[in-house]
Amino acid sequence: MNIKRSLTLAAVGMILAASVAADAAAQAKPEDLVKQRRAAMTLMAKYIGPVGAMVQGKIPYDAAIVARNSSFVDTLDKMPWDGFQPSTRDVKDTKAKPEIYGNADKFKSRWEHLQEEVGKLAAAAKGGDQNAVKAAFGGVGKACKACHDDFRRE
Amino acid sequence: MKTTGLVAVPSWDLPVRIFHWLLVALFGAQLYSGTTGGNAMPWHLYGGYAVLTLVLFRVIWGFVGGGRARFSDFVSSPANALRYSKRLFSRQSSHAVGHNPLGGWMVLASLALLAVQAATGLFANDDIATEGPLAALVSKEVSDRITSIHKLNLKLLLALVALHVAAVLYHRWAKKEDLIRAMFTGVKHVPEAVAAAAGATRHASYWLAAILFAAAAAVVSLIVNRPF
């Protein structure tokens, strides 16, 4: 077996593994996918909420909670997106617009942008500079809004 | 734009003019902060309180104000407005010392839509990090529905603003009536007969305006902070 052949095999293996992961989502029940992606979003809201209240001065600022919550969201923001399968298009209990499935690239760029902004927030929170946290939080809010404006029903 | 046969008459008193241009500035700021989101949102809320204060003040001033500020000066019957609208597109100018019959209804519509916009904002939420100061008083479902009204009503407001600006420009260029200038100077130039028919101009104290404005701000502050 030469090197070229084993590389090809490895590549085929990786592609198979990746498509198995994607297929798992594609084959799940649409109702479950909606439930799961909403659960991930709900948890993001749970942990980002207090950070927002703190940077807006509504509750006392606690750097430890800001750092912990931001790092939680930095993981949670990886989770909802493979739940947006075309099979969920007709599920009733969602505000997701069907446009998502015709504009997959745009949708992806939106959530990649969110992940970028949340990454900045988590880094700023670890650094502990309150002004940097506040600025980064504004970026996260804008990233949420950009996607909601395009892809979420009223 | 001095034309022969026209006389200068006081039209918009100082409080009305300040109200108008503050509202213009706030409207732009609100549009910007609301569509930008992020850290502009706390400012969007403050701007909304200011709009609510202005609208409240203007409604009170519509009963006790000076110049041609009172509703009784410019609100005429729908039939009258309809009759007026028939000659709107004639080049013949149609001077009024205050609002013309259609313009009067435009003012009422603007105030109503602005009140709806500010009031719905109090109960709205953006599902991100911002909610109006009264959103906690209602369920999330109700707040969501009110948020939809806030967004829908914005479209009506934008349409009304476009119509307002178009109408003012139309009067400026087609009918040779400079309403923009009048909103700065407070003075209109109208034919003598129109001025005579309109009667004497009222004056209302600027101190009264300041006190009423402060009272409006106090009421809004009570609504927003809910101290009780």
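Respectively, the protein sequence lines represent chains S and X.
Taking our numbering, the leading residue of the first sequence gets 3, the next gets one more, and so forth.
Taking our numbering, the leading residue of the second sequence gets 8, the next gets one more, and so forth.
Even glycine gets a Cβ: it sits at the ideal position worked out from N, Cα and C.
Quick check for students: name the residue ranges of the alpha helix (DSSP H) that lie wholly in the stretch 179-229 of chain X, counting only runs of 4 or more. 186-192, 199-205
Residues bridged to VAL14(X) (per DSSP): VAL197(X)
Do we get a CB-CB distance below 9 Å when we pair ILE242(X) with the residues of chain S? In the structure displayed, chain X extends from 8 to 235; residue 242(X) sits before or after that span and is not available.
Candidates ALA47(S), ALA138(S), LYS60(S): which alpha carbon is nearest PHE74(S)'s? ALA47(S)
For the stretch 12-29 of chain X against the stretch 132-141 of chain S, are there 3 or more C-beta pairs whose distance is under 8 Å? no
Go through its chain and collect everything with a Cβ distance to SER102(S)'s Cβ below 8 Å, but skip five positions before and after it. One detail in the question is off: residue 102(S) reads as Ile in this sequence, not Ser. The answer, listed in chain order, is PHE86, PHE109, PHE153.
Between which residues of its own chain and LEU78(S) is the CB-CB distance below 8 Å, once the five residues before and five after are set aside? ALA42, LEU45, MET46, TYR49
Spatial distance of TRP112(X) from VAL82(X) (CA atoms): 7 Å
Which runs of the alpha helix (DSSP H) at least 4 residues long sit entirely within the stretch 22-53 of chain X? Give them in chain order. none
In the DSSP assignment, what residue or residues form a beta bridge with ALA42(S)? Paired residue(s): none; ALA42(S) is not in a bridge.
Would you say VAL142(S) faces chain X, with C-beta separation under 9 Å as the test? yes
Note down, in chain order, every chain X residue with its Cβ under 7 Å from the Cβ of CYS146(S). ILE135
Where does SER40(X) land, buried or exposed, given buried means 16+ other C-beta within 10 angstroms? buried
Three-pair Cβ contact test at 8 Å for the stretch 212-224 of chain X versus the stretch 124-132 of chain X: no
Looking at the C-beta of MET8(X), does it have a partner C-beta in chain S at a distance below 9 Å? At MET8(X), the pLDDT of 45 sits below 50, so the modelled position is not reliable; the number obtained from the coordinates is stated separately. MET8(X) does not count as touching chain S.
Cross-strand partners of ASN132(X) (DSSP beta bridge): GLU138(X)
Looking at the structure shown, is LYS9(X) part of a helix, part of a strand, or coil, going by DSSP? Confidence at LYS9(X) is low in this model, with a pLDDT of 46, below 50, so its placement is unreliable and the value that follows should be read with caution. Note: LYS9(X) maps to coil in three-state DSSP.
If the cut is a Cβ gap below 9 Å, which residues of chain S does SER155(X) touch? GLU156
Quick check on LYS158(X) - is its C-beta less than 9 Å from some C-beta in chain S? yes
Using DSSP with H/G/I as helix, E/B as strand and the rest coil, what is GLY74(X)? strand
Got a sec: is the Cβ-Cβ distance from ASP80(X) to anything in chain S below 9 Å? no
Inter-residue CB distance, VAL58(X) and ALA125(X) (contact presumed, cutoff 8 Å): 5 Å
Under the assumption that ALA106(S) contacts LYS122(S) (Cβ atoms under 8 Å), give the Cβ distance between them as a whole number of angstroms. Actually they do not touch by this definition, with Cβ atoms about 25 Å apart.
Tell me the DSSP bridge mates of ALA98(S)? ARG154(S)
Delimiting residues of the alpha helix (DSSP H) encompassing ARG112(S): 106-129
If you pair each beta-carbon of the stretch 60-72 of chain X with each one of the stretch 209-219 of chain X, do three or more pairs fall below 8 Å? yes
Can you list the residues of chain S that GLY55(X) reaches, using a CB-CB cut of under 7 Å? Neighbours of GLY55(X) on chain S: none; closest Cβ ~15 Å, over 7 Å.
What does the Cβ neighbour count give for SER72(S), buried or exposed, with the cut at 16 atoms within 10 Å? buried
9 Å Cβ cut-off: residues of chain X touching ILE50(S): ILE135, ALA136
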